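Data block below; observations after.
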Amino acid sequence: MSAPTLDTLSGGGTDRLTRRGFRVMGRGIARQKVMFTWAALASLLFGVMTVADAWVLGWATDHVITPSVTAGAVTWSTLWAGVGLFVLAAVLRTLGVVGRRLLGGVVFFRLVRDDRLRVTRRYLQLPLRWHHRHPAGQLLSNANADVEATWSVFMPLPMALGTIAMLVAAIATMVLADPVLTVVGLVVIPLLFVANAVYQRWQGPRIALAQSLRGDVSTVAHESFDGALVVKSLGREADETARFRAASERLRDAAIGIGRIRAVFDPVIEALPNLAVLAVLLLGAWRVQDGAADAGDVVQVAYLFTVIGMQIRSFGWVLGELPRAVVGWERVSRVIDEDDAMDYGDADVPGTGPVDLEVAELDYSHPDEPDTAVLNDIAFTVPAGTVTAVVGATGSGKSTLTSLVTRLVDPDAGAVLVGGTDARRLSQRALTRAVALVPQSTFLFDDTVRANVVLDLDVPDERVWEVLRIVQADRFVAALPAGLDTELGERGTSLSGGQRQRLALARALVRDPRVLVMDDATSALDPEVEQRILRALADRDGSPTTIVVAYRKATIALADEVVFLADGRVAERGTDAELRERSAAYRNLVDAYDQAREEVDHE
Amino acid sequence: MSDSAPREGGISVLVRGMRRNPEITEGIGLTLVLALISTAGGSLVPIVVRAALDDGFATGDVDTALVTRYVVIAALLMVAIAATGYLSKVRIFTASERGLANLRVAAFRHVHDLSMLTQNTQRRGSLVSRVTSDVDQISQFLQFTGIMMIISIGQMVVATIVMAFLSWQLTLVVLISFVPLALSLRWLAGAMSRAYDRVRASVGEMLAVIAEPVVGAAVVRSYGIEDRTQHRVDEAVGANYRNNIRAQTITAGAFSAAILVGGIANAAVLAVGVWLGVVGEMSVGTIVAFVFLVGLFTGPAQMATQVISEAQNAISSWRRVLDLLDTPADVVDPGPDGQRLPEGDLDARFDHVSFAYPDGPTVLDDVDVTIQARQRVAVVGETGSGKTTFAKLLTRLMDPAAGHVVLGGVDIAQVPFDDLRRHVLMVPQEGFLFDATLGENLRYGSRTATDADLVRAVERLGLADWFAALPRGLDTRVGQRGESLSAGERQLVALVRSALADPAFLVLDEATSAVDPQTELRATRALDRLLEGRTSVTIAHRLSTAENADRVLVFDQGRLVEDGHHRDLVKADGVYARLHASWVAQATLA
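Taken in sequence, the protein lines are chains A and B. According to my numbering, the first sequence holds residues 52 to 654 in order. According to my numbering, the second sequence holds residues 171 to 760 in order.
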């Protein structure tokens with residue numbers, strides 16, 4: 052793992068990035084027009100009312116406080132007007148800030164929610180060949196972190212818009228109060244902008260670096276704890292700690308670097324408005340002496356600076372989110388704009404019970420490497436109700452063949468016929484009801500045992516138990532805390548590899564498939580258990596037409612016919628006994644376990 | 171956050187945490203002084219405004235020289251205050267990051283000493299959070315939330331002192347205005363914490379459900395359950411959205427309440443101030459200064475709810491990390507004072523050993539057996555028979571509840587870890603590899619091995635042809651968890667790694683999953699060479715392994731029920747004979 056540095060993360064093109072970021076913002080605004088408008092209006096109300104608050108103070112100084120104190124008598128009407136104005140301004144500001152935060156939040160969370168749904172819908176529509184080209188981790192982060200990164204800019208955005216309104220109003224009231232005092236504003240406000248922008252530009256890449264180093268720390272911890280048994284048995288604890296320490300210290304140094312920059316900018320950004328107040332007082336003294344301004348004007352302008360400092364920071368936050376927004380948007384759009392799709396026909400598989408499965412002159416190559424054929428001219432038929440074993444060395448194309456016969460992918464040439472009908476002409480419903488696949492790696496849903504077996508079928512519990520008995524899962528399921536209702540997964544019970552495989556088998560069997568395809572689906576089971584299950588399967592009446600990818604001799608022995616794949620072609624076909632006699636390669640492959648045993652015996 | 175047991179208070183967690191990592195509090199006195207001075211900048215403004223208004227602007231005749239003097243002094247003070255702000259922040263960041271990096275590393279090291287790590291694989295994820303997100307939370311707290319708390323409190327204290335100097339009556343007015351808000355803070359912070367707990371929980375559920383169309387793509391497609399899956403995603407994403415909006419509502423409410431209160435305080439200051447000005451000595455400058463000072467209360471009050479809620483989370487995180495560190499390592503390293511194992515061949519003796527998990531059933535019951543040096547032993551039995559526990563006790567991944575495990579005449583509990591690991595090696599079922607090159611992975615067996623040593627070890631195990639076929643030799647990257655290699659190849663790497671470690675005693679957990687027969691053949695040969703001249707105990711899943719062993723130990727329901735050679739055990743017509751018969755039945759199908 053090479054640790055990222057500041058140089059690898061900061062790059063040029065910041066201006067272009069900012070422009071693209073603004074385009075992403077535009078899209079979000081267009082999507083949430085109404086809600087965003089309300090949020091912006093609320094923020095505007097807050098901004099303008101904040102300026103009004105300062106104006107009230109200035110007005111009260113000149114019309115309530117000074118006259119009353121100097122005259123020694125209260126002018127009740129103006130006093131109540133002042134009190135009323137302060138309260139009114141506060142109520143309106145409160146409304147503004149509630150609206151800004153709440154509606155701004157609604158805009159953000161809606162954008163995130165909608166894109167999450169959009170992305171996951173694409174995942175469900177895009178064909179498996181597309182899924183195979185994209186690592187799961189990447190797709191998960193597209194739907195989660197990337198979607199959030201795209202729209203995070205909408206959190207500070209309403210506040211930034213309100214700040215613009217506030218600044219316009221502030222400068223307007225300054226001009227009205229005294230044009231000369233306005234000069235302070237015209238100097239300090241741009242300075243605050245510049246300070247915030249420089250801060251973001253310095254800090255942005257450093258924050259990205261720290262984020263990535265934080266990821267490294269987490270990766271090392273995950274890996275080290277996952278491999279704990281190796282670490283412990285080889286006595287590598289100290290070495291692992293050194294590795295973790297190195298990652299932690301890189302993160303520490305990056306975090307301290309961020310801290311140093313914050314330490315410079317925070318006091319500067321805080322001090323600027325305060326220094327502006329002093330400048331206003333100084334200039335104001337001259338202006339009041341010249342009779343060009345009242346004390347109230349000076350107070351009002353000075354007070355304005357104490358409230359706008361914090362607000363201007365929101366522009367920095369918006370700028371800070373833009374790079375993430377651009378990257379997030381690009382990743383998310385790559386999924387949403389993908390238009391790959393699998394078309395289904397409208398034919399049905401006639402009749403009931405097992406059907407013939409015919410594989411006719413299949414050719415297939417991976418989309419990424421169209422020149423190397425994975426499968427070449429594959430042809431065989433599995434008569435209804437019989438079992439065919441597919442045998443071959445690693446990389447001979449066995450798993451690809453199971454994807455083709457279940458139509459998870461389509462061949463480049465040739466066809467798969469289910470009960471005489473080209474699989475491409477079948478409706479999706481007809482296909483999935485007729486053909487069931489038990490894939491090599493078991494996937495369980497974060498749901499109950501029952502839901503994991505029946506999925507979307509409406510099946511009585513007796514039938515579920517019946518199937519669980521066939522796959523020898525009835526005993527362990529009955530022993531689970533809530534039986535069929537036991538929650539599995541992250542926050543539920545976790546099962547062993549063999550138990551998971553049994554549930555995956557039950558999931559296929561409960562649907563009474565007419566064709567059953569098992570891709571090395573019993574690898575985690577004890578050979579004994581595997582035998583019992585496969586026998587129970589074969590001994591039933593109306594058992595499905597079965598294709599099984601197998602390594603174990605005993606599994607192969609259950610098959611009516613064996614298809615021996617080598618280098619993507621059917622090297623041999625026939626019964627196990629026939630192939631054993633005809634093909635030395637087949638013999639070598641299937642006998643490898645026994646060979647290993649004999650060699651040990653003879654030493 | 172929902173545990174009902176009486177919990178250690180927040181302050182005591184902080185004290186405990188800072189005691190454990192004194193680096194965090196190094197120079198804290200000066201840092202705090204600097205931080206407090208840096209909060210004075212805000213209060214300085216109202217003081218100058220008041221002074222300028224009352225002394226300088228009085229009655230039209232403006233004393234510009236006086237105002238200039240005030241402004242220059244104040245400006246110089248502000249620059250100095252900004253400098254203290256810089257210093258205090260640098261000190262806080264440096265001290266807390268140093269301390270937390272050490273805390274992180276200490277917790278990481280400690281996790282490796284806990285047998286929980288190897289016993290309970292489900293808890294691994296939460297152990298990872300202890301050294302990642304929990305520490306990040308503490309860091310956020312120390313550098314932002316905690317500092318904001320100190321600054322806010324400091325700012326409010328300074329403002330209160332300044333106010334009290336100017337007018338005790340108006341000070342009361344301001345404080346009374348903020349009392350209701352202050353009283354509701356705890357409740358608001360609690361509501362906010364609960365709301366964010368719900369958000370976090372719903373994020374977890376959402377992530378799990380979103381994984382279904384991705385990780386389970388093949389199942390979803392081949393069973394045509396797109397609608398069901400979409401429905402589940404819609405539900406989870408919708409629930410997460412609603413929880414977020416609810417939390418956002420509370421945040422917005424808590425945030426804005428302070429603005430309303432600030433406005434009311436301003437109005438009250440105006441009314442009471444003017445009345446005091448008329449009947450008493452209150453000056454124009456003082457009244458205006460109070461409005462500025464109210465602003466110093468509103469800011470902190472806006473953030474208070476959020477700050478308190480974040481502080482509670484950070485303290486919970488800190489408590490979790492500290493509790494982890496305080497969990498005693500259940501298998502203790504006797505260290506350099508221990509007794510070293512004799513060099514050369516090793517035998518092993520189980521002296522009436524029993525094992526049970528705390529509050530759990532007995533897993534191993536009074537096992538008494540001796541394994542001679544250089545003996546090749548196979549351990550068989552069904553899942554739950556106790557055979558894996560037997561192996562773990564032999565490598566001291568756990569300690570027995572009763573009895574002793576004795577290696578080469580030394581009680582295993584007396585042997586220093588580094589010595590034990592040098593002599594006894596456990597080879598796990600799955601060949602777990604680290605995301606590095608093949609060479610680096612092999613060096614896990616021996617730090618000092620040269621490239622030539624690695625290649626020699628590969629050749630000695632008869633894997634030269636396999637190695638030659640690797641495109642980049644020792645520089646081949648194995649990927650995460652070694653997933654660029656096949657399961658069989660990972661096992662090969664694990665075997666070479668073990669050969670490099672060169673232990674006298676090997677404990678193996680045989681792989682159950684079927685791999686490519688050719689690789690299987692290679693592995694079997696390599697394993698055979700590895701075991702040559704060593705004492706070995708193999709948890710056998712294949713009875714062929716048992717057939718070839720010098721001796722077979724058969725476990726059933728936690729007891730050692732049979733012990734002997736394969737030949738004799740088959741004749742004995744017991745548990746082993748039954749296991750064997752089913753295997754034979756399977757083999758003859760071929």
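Beta carbons: idealized from backbone N, C-alpha and C, even for Gly. Here the structure is a predicted model, which means the values were calculated and not measured.
Output yes or no for whether 8 angstroms exceeds the beta carbon distance between residue i and residue j.
i, j, result
"A/LEU280", "B/PRO598", "yes"
"B/THR209", "A/TRP337", "no"
"A/GLY98", "A/ALA228", "no"
"A/VAL460", "A/VAL467", "no"
"A/LEU326", "B/ALA222", "no"
"B/LEU631", "B/GLY609", "no"
"A/THR214", "A/GLN362", "yes"
"B/VAL549", "B/THR708", "yes"
"A/THR129", "B/VAL458", "no"
"B/ARG490", "A/PHE276", "no"
"B/GLN418", "A/GLY156", "yes"
Going along chain B in order, which residues have a C-beta closer than 9 angstroms to the C-beta of residue i?
i, result
"A/PRO490", "ALA388, VAL389, SER392"
"A/ARG659", "Since the first and last residues shown for chain A are 52 and 654, residue 659 of chain A lies out of range."
"A/THR483", "ARG391, SER392, TYR393, GLY394, ILE395"
"A/SER384", "In chain order: nothing, as chain B lies at least about 18 angstroms away."
Please report the straight-line C-alpha distance between residue i and residue j, rounded to a whole angstrom.
i, j, result
"B/VAL369", "A/ALA610", "52 angstroms"
"A/VAL489", "B/ALA388", "9 angstroms"
"A/THR573", "A/VAL561", "17 angstroms"
"B/SER172", "A/LEU334", "Annotation note: pLDDT 40 at B/SER172 (below 50); position unreliable, no value reported."
"A/SER375", "A/SER263", "Note on identity: in this sequence residue 375 of chain A is Arg, with Ser being the wrong assignment. Their backbone Cα atoms lie some 13 angstroms apart in a straight line."
"A/THR626", "A/GLU612", "5 angstroms"
"A/ASN21", "B/ALA619", "Chain A is shown from 52 up to 654; residue 21 of chain A falls before or after that span and cannot be answered."
"B/HIS750", "B/VAL731", "15 angstroms"
"A/VAL400", "A/LEU477", "7 angstroms"
"A/GLU654", "B/ASP698", "Confidence at A/GLU654 is low in this model, with a pLDDT of 34, below 50, so the placement of that residue should be treated as unreliable; the coordinate-derived value is given next. About 10 angstroms."
"A/THR453", "A/MET569", "8 angstroms"
"A/ALA529", "B/ARG391", "29 angstroms"
"B/LEU759", "B/ALA561", "Below a pLDDT of 50, predicted positions are generally treated as unreliable, and B/LEU759, at 45, falls in that range; the measurement from the model is reported next regardless. Computed Cα separation, rounded: 33 angstroms."
Can you pull the chain A neighbours of residue i, defined as C-beta to C-beta under 9 angstroms?
i, result
"B/ARG748", "Within chain A, no residue comes near B/ARG748; the closest Cβ sits about 10 angstroms away, beyond 9 angstroms."
"B/THR565", "LYS283, SER284"
What in chain B is Cβ-close to residue i, meaning under 7 angstroms?
i, result
"A/GLN340", "VAL232, THR234"
"A/ALA272", "PHE278, VAL298, VAL301, THR302"
"A/GLN254", "Those do not exist, as A/GLN254 stays about 13 angstroms from chain B at its closest Cβ, beyond 7 angstroms."
"A/HIS182", "ALA387"
Residues of chain A with CB under 8 angstroms from residue i, in chain order?
i, result
"B/ASP588", "GLY286"
"B/HIS522", "The premise fails here: B/HIS522 is roughly 25 angstroms from chain A at the closest Cβ pair, so nothing lies under 8 angstroms."
Under 7 angstroms between beta-carbons, which chain A residues line up against residue i? List them in chain order, please.
i, result
"B/SER347", "The contacting residues do not exist; B/SER347 stays about 11 angstroms from chain A at best."
"B/LYS259", "GLY310, ARG313, ALA314, ASP317"
"B/GLY649", "The premise fails here: B/GLY649 is roughly 11 angstroms from chain A at the closest Cβ pair, so nothing lies under 7 angstroms."
For residue i, which residues in chain B fall below 8 angstroms Cβ to Cβ?
i, result
"A/ILE116", "LEU440, GLY443, VAL444, GLY447, VAL454, ILE457, VAL458"
Tell me, to the nearest whole angstrom, how far the beta carbon of residue i is from that of residue j; I am working on the premise that it is less than 8 angstroms.
i, j, result
"A/VAL315", "A/PHE295", "At roughly 31 angstroms, the Cβ-Cβ gap does not stay under 8 angstroms, so A/VAL315 and A/PHE295 are not in contact."
"A/ARG152", "B/THR421", "7 angstroms"
"A/TRP202", "A/VAL163", "5 angstroms"
"B/LEU446", "B/GLN307", "Not confirmed; about 47 angstroms, so no contact."
With respect to 7 angstroms, is the separation between the Cβ of residue i and the closest non-hydrogen atom of the ligand FMN below this value?
i, result
"B/LEU590", "Within the structure as shown, the ligand FMN is missing, as the structure has no ligands at all."
Entirely within the region 321-373 of chain B and at least 3 residues each: give me those beta strand (DSSP E) ranges in chain order.
none
Entirely within the region 588-654 of chain B and at least 3 residues each: give me those beta strand (DSSP E) ranges in chain order.
594-597
Which runs of the alpha helix (DSSP H) fall wholly inside the region 489-519 of chain A and span at least 4 residues, in chain order?
500-505
Which ranges does the beta strand (DSSP E) cover as unbroken runs of at least 3 residues, wholly within the region 541-595 of chain B, from first to last along the chain?
546-550, 572-577
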